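Its first residue numbered 3, the sequence shown is counted upward by one per residue in the working numbering. Quick reminder that beta carbons are idealized off the backbone N, C-alpha and C, glycines included. Bear in mind that the values here come from a model prediction, so they are computed numbers and not experimental data.
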Amino acid sequence: MDIVAANGQNPAHLYLATLSEKSRKSISCQLRSVAARLSGSDSIVTFPWHAIDRSTVLAILEQLRKEGKAPASINHTLTVIRRVIDEAYHLGQVDRRQYEGVMRVARDRGKRQNHNAPPSRVQVRQAIDRRLKDSTLLALRDATLISVLVGAGLRKAEAIGCQVSDYRSGRIRIIGKGNQEALQPIAPVARVAIDEYIQNFTSGPLFPAWLKNDTPSDRRLSPSGVDKVVERVLPGYTPHQLRHAYASWLAEDGHPLPVIQRLMRHSSPTLTMRYIHNDAAQREASESLIF
């Protein structure tokens with residue numbers, strides 16, 4: 003379906019129509035993320051954009067801060083929301099008071115805090131073991147998802163986009179940022195988990211949503227669903243922190259930065275360095291310095 007022509011009265015579609023094709027793809031992802039955070043569904047079509055008010059925007063920005071997002075990323079989300087509400091205002095879907103309330107939300111000017119500090123290996127292993135004490139397929143799905151996130155460094159969207167058929171011989175085919183395809187290797191411990199888990203499926207999404215009758219559906223898990231799984235298994239942590247753990251543990255094990263960069267699928271080593279948390283190694287290096 004043509005995202006621009008899908009609905010002439012949808013403020014998100016009208017905003018997207020003003021963008022170049024390249025920008026439209028990235029902003030569409032941003033809009034789907036906002037919709038998923040607020041409704042659990044990433045549909046731009048069905049989300050009620052006119053319902054976003056000042057308190058809603060403030061709540062989203064605070065959630066992004068807690069996740070350790072950089073001020074630039076937070077402000078980009080704010081700009082996208084403002085543009086949609088501007089379109090909604092001109093369509094007569096929001097009144098002036100609601101419009102001005104959103105427009106007056108201040109941009110984030112604070113320094114980035116280190117909310118991305120990852121869990122330790124022991125924390126992750128113990129959390130997975132605790133979850134597996136509940137001997138259900140849902141618990142096995144949760145434990146396998148955690149294992150794959152931390153054992154392959156996958157982003158949320160990459161993990162939930164995987165099909166059962168994408169896993170083969172210790173590697174998993176993913177579609178990453180920029181629609182780039184990769185065959186990502188998986189750590190041995192995570193391989194054991196996924197080998198056991200995948201025996202319960204023949205096709206469909208690798209990590210499906212769950213039905214109320216305690217059976218897997220044919221729909222993939224949503225981004226907010228991934229957040230809930232991680233919070234359930236590792237309270238206080240996010241999927242992105244598990245990606246930080248992957249990079250940090252590779253560095254701790256002595257793998258060179260270029261290798262970690264390729265495994266993280268980063269465009270630059272500078273970006274990869276932001277994911278590596280190795281305070282103990284830095285202290286040791288400093289304390290052993292001789293001059």
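| R148 and C164 look like a contact to me (Cβ under 8 angstroms); what is the Cβ gap, rounded to whole Å? | Counted from its first residue, the sequence shown places residue 148 at position 146. Counted from its first residue, the sequence shown places residue 164 at position 162. The question names Arg, but residue 148 in the sequence shown is Ile. Incorrect: roughly 15 angstroms between the Cβ atoms, too far for contact.
| said: Between which residues of its own chain and Q115 is the CB-CB distance below 8 angstroms, once the five residues before and five after are set aside? | reply: The residue you call residue 115 lines up with position 113 of the sequence shown. Reliability of the predicted coordinates at Q115 is poor, the pLDDT of 48 falling under 50, and the value obtained from them is presented with this limitation in mind. Within the same chain, Q115 has close Cβ partners R67, G70.
| task | Leaving aside the five residues before and after Y101 along the sequence, list all residues of the same chain whose C-beta is less than 7 angstroms from its C-beta, in chain order. | result | Counted from its first residue, the sequence shown places residue 101 at position 99. Same-chain partners within the cutoff: I87, Y91.
| query | Would you call V152 buried or exposed, if buried means 16 or more other Cβ atoms sit within 10 Å of its Cβ? | reply | Locating residue 152 in the sequence shown gives position 150, counting from the first residue. When all chains shown are included, V152 counts as buried.
| task | Whole angstroms is fine: what's the gap from V6's alpha carbon to Y17's? | result | Walking along the sequence shown from the start, residue 6 turns up at place 4. Walking along the sequence shown from the start, residue 17 turns up at place 15. The pLDDT assigned to V6 is 38, lower than 50, so where the model puts this residue is not dependable; a value taken from the coordinates is nonetheless given after this. Using only the alpha carbons, I get a separation of about 9 angstroms.
| task | List in chain order: all unbroken alpha helix (DSSP H) runs of 4+ residues lying wholly within the stretch 64 to 112. | result | Whole alpha helix (DSSP H) segments, 4+ residues: 73 to 92, 98 to 105.
| What is the residue span of the beta strand (DSSP E) that L185 lies within? | Against the sequence shown, residue 185 aligns to sequence position 183. 183 to 187 is the extent of the beta strand (DSSP E) around L185.
| query | Buried or exposed: where does M105 fall if 16 or more other Cβ atoms within 10 Å of its Cβ makes it buried? | reply | The residue given as residue 105 occupies position 103 in the sequence shown. Burial call: exposed.
| said: Tell me the residue span of the beta strand (DSSP E) that contains W212. | reply: As a first step, residue 212 must be located in the sequence shown, where it is residue number 210. DSSP places W212 in the uninterrupted beta strand (DSSP E) bounded by 210 to 212.
| query | Among all the DSSP beta bridges, which residues are the ones paired with I174? | reply | Walking along the sequence shown from the start, residue 174 turns up at place 172. Y169, Q186.
| query | Is it right to say Q263 is buried, meaning 16 or more other beta carbons lie within 10 angstroms of its own, or is it exposed? | reply | Walking along the sequence shown from the start, residue 263 turns up at place 261. Burial call: buried.
| said: Assuming contact is defined by CB atoms lying nearer than 8 angstroms, are A189 and A154 in contact in what I supplied? | reply: Here residue 189 refers to the residue found at position 187 of the sequence shown. Here residue 154 refers to the residue found at position 152 of the sequence shown. A distance below 8 angstroms separates the beta carbons of A189 and A154.
| Alpha carbon of S269 to alpha carbon of G227, nearest angstrom | The count along the sequence shown starts at 1 and reaches residue 269 at position 267. The count along the sequence shown starts at 1 and reaches residue 227 at position 225. Cα-Cα distance, rounded: 28 angstroms.
| Quick one: is P258 buried, meaning 16 or more other Cβ sit within 10 Å of its Cβ, or exposed? | Your numbering for residue 258 matches position 256 in the sequence shown. Answer is exposed; the Cβ neighbour count stays below 16.
| DSSP bridge partner residues for P207 (one or two, in chain order) | As a working note, residue 207 is residue 205 in the sequence shown. Beta-bridge pairing by DSSP links P207 to Q165.
| query | Skipping 5 residues on each side, what residues in its chain have a beta carbon closer than 7 angstroms to that of M266? | reply | Numbered from its first residue, the sequence shown carries residue 266 at position 264. G155, A249, T274, Y277, listed in sequence order.
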